[in-house]
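Asks: One structure, as structure tokens, below. Some questions next.
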Amino acid sequence: MRLSVIGCGYLGAVHAAAMASIGHEVVGIDVDERKISALSKGEAPFFEPGLQEILTEGIQSGRLTFSTKMADAAGAAVHFIGVGTPQQAGGYAADLTFVNAAVDGLIPYLQPGNIVAGKSTVPVGTAAELAERVVKSGATLVWNPEFLREGWAVQDTIDPDRLVAGVPDGDEGARAADILREVYHTAVAKDTPFIVTDYATAELVKVAANAFLATKISFINAMAEIAEVTGADVTQLADAIGHDARIGRRFLGAGIGFGGGCLPKDIRAFSARAEELGRGESVGFLREVDAINLRRRDRAVQLVVEALGGAVFKKNITVLGAAFKPHSDDIRDSPALDVAVRLHGLGAWVTVTDPAAIENARRLHPQLNYVEDRDEALRGADAVIVVTEWDEYRRQLPPAAAGELVAGKIVVDGRNCLDAAAWRDAGWAYYGMGRP
Ligand code: UDX
Numbered sequence: 000m001r002l003s004v005i006g007c008g009y010l011g012a013v014h015a016a017a018m019a020s021i022g023h024e025v026v027g028i029d030v031d032e033r034k035i036s037a038l039s040k041g042e043a044p045f046f047e048p049g050l051q052e053i054l055t056e057g058i059q060s061g062r063l064t065f066s067t068k069m070a071d072a073a074g075a076a077v078h079f080i081g082v083g084t085p086q087q088a089g090g091y092a093a094d095l096t097f098v099n100a101a102v103d104g105l106i107p108y109l110q111p112g113n114i115v116a117g118k119s120t121v122p123v124g125t126a127a128e129l130a131e132r133v134v135k136s137g138a139t140l141v142w143n144p145e146f147l148r149e150g151w152a153v154q155d156t157i158d159p160d161r162l163v164a165g166v167p168d169g170d171e172g173a174r175a176a177d178i179l180r181e182v183y184h185t186a187v188a189k190d191t192p193f194i195v196t197d198y199a200t201a202e203l204v205k206v207a208a209n210a211f212l213a214t215k216i217s218f219i220n221a222m223a224e225i226a227e228v229t230g231a232d233v234t235q236l237a238d239a240i241g242h243d244a245r246i247g248r249r250f251l252g253a254g255i256g257f258g259g260g261c262l263p264k265d266i267r268a269f270s271a272r273a274e275e276l277g278r279g280e281s282v283g284f285l286r287e288v289d290a291i292n293l294r295r296r297d298r299a300v301q302l303v304v305e306a307l308g309g310a311v312f313k314k315n316i317t318v319l320g321a322a323f324k325p326h327s328d329d330i331r332d333s334p335a336l337d338v339a340v341r342l343h344g345l346g347a348w349v350t351v352t353d354p355a356a357i358e359n360a361r362r363l364h365p366q367l368n369y370v371e372d373r374d375e376a377l378r379g380a381d382a383v384i385v386v387t388e389w390d391e392y393r394r395q396l397p398p399a400a401a402g403e404l405v406a407g408k409i410v411v412d413g414r415n416c417l418d419a420a421a422w423r424d425a426g427w428a429y430y431g432m433g434r435p
């Protein structure tokens with residue numbers, strides 16, 4: 000099938016390459032010339048496992064092309080909208096400028112019978128408004144939210160947990176759903192649940208899923224706060240409640256909390272939209288979820304300060320991690336970098352290392368010291384804080400060897416990812432988050 004993908008950021012670039020890898024002929028469109036020129040040469044614009052391979056393969060096969068011209072989308076049967084919906088400057092609501100520009104820019108090239116499939120995360124009600132514009136060209140709008148996780152984006156796109164299609168009523172909607180089934184033929188052949196809904200439900204599925212995940216993380220972090228004043232261990236608590244299949248252990252990792260390009264902005268946009276709809280109180284808890292999440296960063300900084308005897312001024316602190324999570328070079332709203340910046344603000348000499356995100360981090364926070372080599376970064380540290388649970392720190396850093404490099408054997412485990420007993424046995428003062 001011929002497809003276009005409008006917007007070649009994180010979501011769009013992965014979607015375009017993944018769709019080409021399952022046999023479609025795909026053109027990716029973006030206004031950013033630098034991005035399109037890199038993608039056209041087969042260069043992945045960000046770190047994402049597996050992306051480079053399918054990008055190269057798609058370009059070599061001739062099935063995958065990129066362009067800055069919207070006109071090149073003409074002729075595709077399905078046009079995916081994968082542009083960003085960032086948090087509005089000075090507010091919590093989502094900024095829909097890019098979605099509106101993409102749809103309006105595409106309309107002149109639409110042919111009757113085409114499908115426009117929105118993938119961006121939008122406030123509920125957006126699809127119905129866009130549909131009014133799209134329908135004038137004889138095309139059909141569907142809302143097809145994306146649930147990919149960074150670090151697993153290629154796998155999540157090709158082999159998702161579920162597919163959701165918000166469609167209009169009647170035959171038009173049924174036909175649109177059938178076309179989407181053809182697009183995702185490999186997942187459909189594996190009996191992946193394919194849920195057909197109305198627009199509002201499809202839009203809400205996405206924000207509800209993210210709100211639930213964020214709530215789960217903040218719930219366990221709230222328990223960490225209680226554990227801190229009672230001497231309980233939140234990791235054991237999470238294991239114990241996680242055995243209840245109704246609760247489940249995943250996303251009960253207490254630590255410095257969630258960040259990234261989705262969860263923080265999506266829960267804020269959801270709150271803002273609920274307020275607009277006169278139902279702010281229904282999701283009032285999301286403000287608590289956000290507040291708990293941000294408090295964990297303060298707590299991590301406080302632990303370092305306490306461990307160093309009350310002040311970090313002119314102390315050497317090595318920060319292990321900068322990305323908002325492992326297997327990613329993404330530093331958007333990264334709790335890891337936020338902790339590093341706050342320690343620097345308190346007068347510490349902060350050295351940051353990360354297997355993938357240093358370049359991005361340096362651009363955003365040039366005031367910090369960056370070192371590529373982990374062991375080099377550890378040398379002479381008065382304290383170490385782990386803020387992104389890369390295997391390089393979690394599994395592949397022997398505490399005894401690390402102890403030889405540092406000046407002070409103090410480790411703050413901002414992700415509760417280290418073997419506390421092993422670090423203590425090697426002579427370290429170990430501090431976890433919500434652990435005695
Ligand atoms: C998230 C959703 O998982 C995905 O479905 C959606 O499409 C986009 O948003 P992503 O932002 O890639 O994906 O990251 P995710 O793996 O969900 O992690 C988000 C943040 O939560 C990270 O900062 C991570 O470190 C943190 N986290 C996750 C915790 O603090 N504890 C946990 O137990 C799990």
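Read in numbering that gives the first Met the number 0, the sequence shown has 32 at position 33, and its numbers run on one by one without any break.
Each residue gets a CB set at the ideal place from its N, CA and C atoms; glycine is no exception.
#1: Starting from the N-terminal side, write out each stretch of the alpha helix (DSSP H) that is 4 residues or longer and does not extend beyond the stretch 330-368.
#2: Below 9 Å between beta carbons: does that hold for A186 and L162?
#3: Within 10 angstroms of its Cβ, does V228 collect 16 or more other Cβ (buried), or is it exposed?
#4: Between which two residues does the beta strand (DSSP E) harbouring F312 extend?
#5: By a C-beta neighbour count over all protein chains shown, 10 Å radius and 16 as the cutoff for buried, is A242 buried or exposed?
#6: Taking DSSP as the reference, what is the three-state secondary structure of W422?
#7: For G11, does the count of other Cβ atoms within 10 angstroms reach 16, so buried, or fall short, so exposed?
#8: Considering only residues of the stretch 229-267, which uninterrupted alpha helix (DSSP H) runs meet the minimum length of 4 residues and lie entirely inside it, listed in chain order?
#9: Applying the criterion that 16 or more other CB atoms from any shown protein chain within 10 Å of the CB defines a buried residue, is S440 buried or exposed?
#10: Just reading off the alpha helix (DSSP H) that I35 is part of, what are its end residues?
#11: Of the choices L105, D71 and A75, whose alpha-carbon is the least far from that of V82?
#12: Taking 9 Å as the threshold (C-beta atoms), are R423 and L404 in contact?
#13: Shortest alpha-carbon distance to E388 belongs to which of P334, Y198 and T120?
#14: Going by DSSP, what residues sit across from Q505 in a beta bridge?
#15: Assuming G407 and M432 form a contact by the criterion Cβ under 8 Å, report the distance between their Cβ atoms to the nearest whole angstrom.
#16: According to DSSP, is R295 part of a helix, a strand, or is it coil?
#17: Going by C-alpha distance, which of L319, D353, N368 and P325 is nearest H343?
#18: If contact is defined by three or more beta carbon pairs under 8 Å, each pair taking one atom from either stretch, is the stretch 350-360 in contact with the stretch 369-376?
#19: Out of V123, A322, S36 and D155, point me to the one whose CA is closest to I255's CA.
#20: Report all residues from its chain with a CB closer than 8 Å to the CB of Y392; omit the five preceding and five following residues, and keep chain order.
#21: Should the stretch 235-251 be called in touch with the stretch 59-73, which here means at least 3 C-beta pairs below 8 Å?
#22: To which residues does DSSP link F79 through a beta bridge?
#23: Comparing alpha-carbon positions, which option in A419, R267, V311 and R298 lies nearest Q87?
#24: In or out: E202 buried (at least 16 other Cβ within 10 Å) or exposed?
#25: Does at least one heavy atom of the ligand UDX sit under 8 Å from the Cβ of E145?
#26: Applying the criterion that 16 or more other CB atoms from any shown protein chain within 10 Å of the CB defines a buried residue, is G117 buried or exposed?
#27: Quick one: grab the DSSP three-state call for F146.
#28: So, E275 versus A127, is the Cβ gap smaller than 9 Å?
#29: Got a sec? Which residues, its chain only, sit under 8 Å from V300 by beta carbon, not counting five neighbours each side?
#30: In whole angstroms, what is the alpha-carbon distance linking N209 and K215?
#31: Rounded to whole angstroms, what's the CA-CA distance from M18 to C261? Just pull it up for me.
#32: Do you know how far the Cα of D332 is from the Cα of G22?
#33: Kindly examine the ligand UDX and report whether one of its heavy atoms sits closer than 8 Å to the Cβ of N359.
Replies: Considering the structure as presented:
#1: 334-344 and 357-363
#2: Stepping through the sequence shown from its first residue, residue 186 is reached at position 187. Stepping through the sequence shown from its first residue, residue 162 is reached at position 163. Yes; because the gap between Cβ atoms is below 9 Å, this pair is in contact.
#3: If you number the sequence shown from 1, residue 228 lands on position 229. It is exposed - the Cβ of V228 has fewer than 16 other Cβ atoms within 10 Å.
#4: Here the question's residue 312 lines up with position 313 in the sequence shown. From DSSP, F312 is part of no beta strand (DSSP E); its letter is neither H nor E.
#5: As a first step, residue 242 must be located in the sequence shown, where it is residue number 243. The sequence given here has His at residue 242, not Ala. Answer is exposed; the Cβ neighbour count stays below 16.
#6: Here residue 422 corresponds to residue number 423 of the sequence shown, with the count starting at 1. If DSSP states are grouped into helix, strand and coil, W422 belongs with the helices.
#7: Within the sequence shown, the letter at position 12 stands for residue 11. Buried: at least 16 other Cβ atoms inside 10 Å.
#8: 233-241
#9: Within the shown structure, residues of the chain are numbered from 0 to 435, placing residue 440 beyond reach of any answer.
#10: By one-based count along the sequence shown, residue 35 stands at place 36. Per DSSP, I35 belongs to the alpha helix (DSSP H) from E32 to S39.
#11: Taking the sequence shown and counting its residues from 1, one reaches residue 82 at position 83. Of the listed residues, the one whose Cα sits closest to V82 is L105.
#12: Translated into the one-based positions of the sequence shown, residue 404 becomes position 405. Translated into the one-based positions of the sequence shown, residue 423 becomes position 424. No. Outside cutoff.
#13: The count along the sequence shown starts at 1 and reaches residue 388 at position 389. Checking every option, the nearest Cα to that of E388 belongs to P334.
#14: What the structure shows of the chain is the stretch from 0 to 435, and residue 505 is not part of that stretch, so it cannot be assessed.
#15: Working through the sequence shown from its first residue, we reach residue 407 at position 408. Working through the sequence shown from its first residue, we reach residue 432 at position 433. With 8 Å as the limit, G407 and M432 do not qualify as a contact, their Cβ atoms being about 20 Å apart.
#16: The residue given as residue 295 occupies position 296 in the sequence shown. Helix.
#17: Mapped onto the sequence shown, residue 343 falls at position 344. If we check each option's Cα against that of H343, N368 comes out closest.
#18: yes
#19: Reading the sequence shown from its first residue, position 256 is the one you call residue 255. Nearest C-alpha to I255: A322.
#20: Counting from 1 along the sequence shown, the entry for residue 392 is found at position 393. If we look at Y392 and ignore the five residues flanking it on each side, its Cβ neighbours are L319, G320, R373, V385, C416 and L417.
#21: no
#22: The residue labelled residue 79 in the question sits at position 80 within the sequence shown. In the DSSP output, where bridge partners are listed per residue, F79 has V4 and A116.
#23: Your numbering for residue 87 matches position 88 in the sequence shown. Measuring from the Cα of Q87, the nearest candidate turns out to be R267.
#24: Working through the sequence shown from its first residue, we reach residue 202 at position 203. Per the 10 Å Cβ criterion, buried.
#25: In the sequence shown, the residue the question calls residue 145 occupies position 146. Yes, the ligand UDX has a heavy atom inside 8 Å of this Cβ.
#26: Counting from one through the sequence shown, the residue named residue 117 turns up at place 118. Result: buried.
#27: Here residue 146 is taken as the residue at index 147 of the sequence shown, counted from 1. If DSSP states are grouped into helix, strand and coil, F146 belongs with coil.
#28: The count along the sequence shown starts at 1 and reaches residue 275 at position 276. The count along the sequence shown starts at 1 and reaches residue 127 at position 128. Cβ distance not < 9 Å, so E275 and A127 don't count as in contact.
#29: In the sequence shown, residue 300 corresponds to position 301, counting from 1. Hits under 8 Å: V338, R341, L342 and L345.
#30: On the sequence shown, residue 209 is found 210 positions in, with the first residue counted as 1. On the sequence shown, residue 215 is found 216 positions in, with the first residue counted as 1. Rounded to the nearest angstrom, the two C-alpha atoms are 10 Å apart.
#31: If you number the sequence shown from 1, residue 18 lands on position 19. If you number the sequence shown from 1, residue 261 lands on position 262. Cα-Cα distance, rounded: 22 Å.
#32: Counting from 1 along the sequence shown, the entry for residue 22 is found at position 23. Counting from 1 along the sequence shown, the entry for residue 332 is found at position 333. So the two alpha carbons sit approximately 35 Å from each other.
#33: On the sequence shown, position 360 is the one that residue 359 refers to. Result no, Cβ not under 8 Å from the ligand UDX.
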